[in-house]
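**Student:**
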Amino acid sequence: MSEQLHLDADSLSAFVEGVLPEHERQACLAHLAECQQCREVLFLAQGVVPDAVVAKPVFVMRRRWSMPVPVLAAAAALLIAVLGLTWYLERSKVAPETVALVTTPATIALPAMSAPVKPQLRANKEAVRAKPKNAPIVAKPVMDQASAPPIVNSPVRSAAPQPVGTTAPETLVVNGAVASSTIPVPAPSIKDMSSEDGLARIAGTVIDPAGAVVPRAAVTLRRLTDSIRTETRADAEGQFAFPGLAAGQYELQISSPGFRVTTMKVAVEPRQIASLRPELAVGSASETVEVSALASTIQTESSSLGARSKKANPPEPRPLPSKLAVSVNITSGKIILALDSASALYVSRNSGKSWQAVKPVWKGKVDTIRLTDPPQPKTSLFELTTDSGALWFSRDGSRWHAASATH
Amino acid sequence: MVLGRLYWCLDSAPPHSAELSASEHGREPREALDGVLDDLWREAEADSVDLRKDELETVLLAIGAKYNYGLAPGVNSVRVQNVAFFRALQLRDLALAHACALGRDTAWDQFIARFREPLRQAATGITASATLGQELADSLYAELFGLTKGGEPRRSPLASYSGRGSLMGFLRTTLAQRNIDRHRRTGRETPIADQDLPAVPTAANPVSEVISRLGQSLTIVMSALEPEERFLLSTWFLDGRTLLEISRILNVHEATISRRISRLTARLHQDLLRNLQTFGMSRAAAEEALGTDPRDLEINLRTLLQTSQSGAFLRQEASREPDRT
């Protein structure tokens, strides 16, 4: 391999950030395996890690199983009993009655921004007035929009890494909504999404300190119980949404070039819609801001109908037939499309109660799945991209047709 | 074509963005941007950095053609894919970078306001020294500005930014490259300590058949590895990187890297055994061969990992037109 040929900074940085298509990523890996200089640049650019004690790989030692069969049978029986007891306890566990915590609003004065940011006017929404410098920030109730933003769930690829020498993460208290605030009845699309299947939804609009929307911010949602992560990107209006969520606690991370990475925790109950308005602070993407307040606004889709009777939590989607972890899942009404870690595709038409494997009609592996944007219910709701870049569309998740047939 | 364009010599400056004229991408359909150019131009806030629509269009078409809209080489894209590719770019960063490459003062004002401090911090982190970091960052500014020589057009590395990753990531990687280049240029040879060197043998020691077959098996097995597996072996065994460092590059958990390395080495062990047996060795003899003292093997693992695929690379390179400017 000629030492004169190296990967350019653009390809290397795109590789580090995980935005290369699979064929380019493989080409970069093939070069990096051979070029020590490019590997040096790669690790230097990615960040210097302190020389801490790190576990070495565990090498499997082959042993002869010499335990007698009765002992093995007894151990298996004990294991089954423990698992059964655990399952029984989980089933009979009473759902917690905690509600999302919302702090009272606090105001902070942000320092003047060094670079003026041009505020964006939303096309069909209220204009956002530019704030004077050092003005206190006050929470505003979030108005849900009529049109749901495109939903894209993709395998986890982390944001830009943190180099050495950056400042320690700061904690800012961002304004939360007043606990007693109520939100009008949601737009029909939101109500339809959550009322049919009893699942929750987290949505919102990413804004900057001036109140202007931050378009195309990267938004990652992580469920705290099992660390399953879902990624999406806000649209041009800064809006994002994660529908079809099970009740529980989540961590939301928002990043956008020129702003600090912001994280916040959100807890949702079944059939609840958490409407957020995360505010990004100007700074380097290597710095992290942790928002101590939880969901800024919690909205129940039945708020206009008065008190509702308490119901047991709807069951979470059942595991996939392959028993593998779900790497990507998208939801449209009761239909859930899920991609497991082996790139096998499954569809459920009853919100995850049962799954059917989708027979692949495409060549290669599935790279990502998403909802079509804009949605076209009559022709295609779902969009699939293979590792070779081929596009496939489906209306029901089971039958797929190639992009060239319809586009 | 894509692989060829991945390999840009560091010393050759990338083409100026204004030079990405219609002649370079004239065969690319301009209708890829029909109806969306206005949206993209607004989203990129190109007006705020004095970048015209036609200039942005030129840049976008060139990037789309260069990377085949994110598709594998030879795959024809449809309009939906073209639009999706453009919308996935970091448009604000892209407009800023190319406006700076064109020397627009407004763009440079924004660039300095946004990136001066982050660049200094990144340079400090890379060099582990505030003084050297400041020096590195300052030298990069001059290069990014694209100084000209005697009538030549301005050439700035910012013109090579494609917008697929973040601009800060691009700048950080560029800083790292400059630092590595400087380190390699200024690194001094360490003097050889006086010592008694063994005499050169007059005749080469005969290599036993077992060791020879082990070497052949190792070569065969290494050449069949996937790129990511070879990368793992190179970083773990050759570079001595930690699990944490490797995991951050591949965006997986440390435990995953640990499992992959252990499975890979176990699989290599099995593959070597199988290969040795295909040479006619019994399993017991193959197991014994794998217990050979590595010092007896005339094999350079570094060479094996870093050159066994070179034939394939050169063939791929030869089939594509290299993009050297």
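These protein sequences, in sequence, are chains A and B. My numbering numbers the first residue of the first sequence as 1 and each following residue consecutively. My numbering numbers the first residue of the second sequence as 1 and each following residue consecutively. C-beta atoms are modelled at their ideal positions from N, C-alpha and C, and glycine is treated no differently.
(1) Chain A partners of residue 162 of chain B, CB-CB under 9 Å?
(2) Within a Cβ cutoff of 6 Å, which residues of the same chain sit near residue 133 of chain B, ignoring the five residues on either side of it in sequence?
(3) Whose C-beta lies closer than 8 Å to the C-beta of residue 163 of chain B among residues of the same chain, with five residues either side of it excluded?
(4) Evaluate contact between the region 215–231 of chain A and the region 268–276 of chain A, counting only Cβ atoms and requiring at least three cross-stretch pairs below 8 Å.
(5) Taking the continuous alpha helix (DSSP H) assigned at residue 80 of chain B, which residues delimit it?
(6) Got a sec: is the Cβ-Cβ distance from residue 36 of chain B to anything in chain A below 8 Å?
(7) For a quick check, are the C-beta atoms of residue 280 of chain A and residue 260 of chain A less than 8 Å apart?
(8) Three-state secondary structure (DSSP) at residue 269 of chain A?
(9) Of all Cβ atoms in chain A, is any one closer than 8 Å to the Cβ of residue 93 of chain B?
(10) Going along chain B, which residues have a C-beta under 7 Å from residue 23 of chain A?
(11) Quick check on residue 86 of chain A: buried or exposed, where buried means 16 or more other Cβ atoms within 10 Å of its Cβ?
(12) In the DSSP output, what is residue 252 of chain A paired with across the bridge?
(13) Within 8 Å (strictly less), CB to CB, does residue 237 of chain B reach chain A?
(14) Measure the alpha-carbon distance for residue 14 of chain A versus residue 350 of chain A and round it to whole angstroms.
(15) With 8 Å as the limit, tell me which residues of the region 379–403 of chain A have their beta carbon closer than that to any beta carbon of chain B; keep them in chain order.
(16) Looking at the unbroken alpha helix (DSSP H) that takes in residue 253 of chain B, where does it start and where does it end?
(17) Using a Cβ-Cβ distance under 8 Å, would residue 32 of chain A count as near chain B?
(18) For residue 23 of chain B, name the three-state secondary structure that DSSP assigns.
(19) Quick one: give me the first and last residue of the alpha helix (DSSP H) that residue 93 of chain B is part of.
(20) Is the beta carbon of residue 391 of chain A closer than 8 Å to that of residue 270 of chain B?
(21) When you compare only the Cα positions, how much space is there between residue 44 of chain B and residue 119 of chain B?
(22) Buried or exposed: which applies to residue 338 of chain A, given that a residue is buried once 16 or more other Cβ atoms fall within 10 Å of its Cβ?
(23) Does the beta carbon of residue 269 of chain A sit closer than 8 Å to a beta carbon anywhere in chain B?
(24) Hey, residue 106 of chain B and residue 50 of chain B are a contact pair by Cβ (cut 8 Å); roughly how many whole angstroms apart?
(25) Name the chain B residues that come within less than 8 Å of residue 236 of chain A, Cβ to Cβ?
(26) If we count Cβ pairs, one from each stretch, closer than 8 Å, do we get three or more for the region 225–233 of chain A versus the region 196–211 of chain A?
(27) Helix, strand or coil for residue 98 of chain A per DSSP?
(28) Using only the alpha-carbon positions, how far apart do residue 108 of chain B and residue 101 of chain B sit?
(29) How many angstroms separate the CA atom of residue 184 of chain B from the CA atom of residue 177 of chain B?
(30) Expressed to the nearest angstrom, what Euclidean distance is found between the alpha-carbon atoms of residue 78 of chain B and residue 230 of chain A?
(31) Taking only the alpha-carbon atoms, compute the straight-line gap between residue 353 of chain A and residue 209 of chain A and give it to the nearest angstrom.
(32) Taking only three categories from DSSP, how would you classify residue 45 of chain B?
(33) Tell me, which residues are paired with residue 23 of chain A by DSSP?
(34) Suppose you measure from the CA of residue 384 of chain A to the CA of residue 142 of chain B; what does that come to, to the nearest Å?
(35) Count the other CB atoms within 10 Å of the CB of residue 235 of chain A; is the residue buried (16 or more) or exposed (fewer)?
(36) Quick check on residue 215 of chain B: does DSSP put it in helix, strand or coil?
**Tutor:** Taking the geometry as given:
(1) 10, 11, 14
(2) 123, 124, 127
(3) 63, 89, 90, 91, 93, 94, 97
(4) no
(5) 79–87
(6) no
(7) yes
(8) coil
(9) yes
(10) 72
(11) exposed
(12) A:221, A:264
(13) no
(14) 39 Å
(15) 388, 389, 390, 391, 403
(16) That residue, residue 253 of chain B, is in no alpha helix (DSSP H); it is neither H nor E in DSSP.
(17) yes
(18) Residue confidence is low: residue 23 of chain B scores 41 on pLDDT, short of 50, so the model does not pin down where it sits. Its coordinate-derived value is still stated next. Residue 23 of chain B falls in the helix class under three-state DSSP.
(19) 91–101
(20) no
(21) 22 Å
(22) buried
(23) no
(24) 5 Å
(25) 39, 43
(26) no
(27) Low local confidence applies: a pLDDT of 45 at residue 98 of chain A is under 50, so the model's placement there is unreliable, with the coordinate-based value given in what follows. Coil at residue 98 of chain A, not helix or strand.
(28) 9 Å
(29) 11 Å
(30) 27 Å
(31) 43 Å
(32) coil
(33) Answer is none; residue 23 of chain A lacks a bridge partner.
(34) 45 Å
(35) buried
(36) helix
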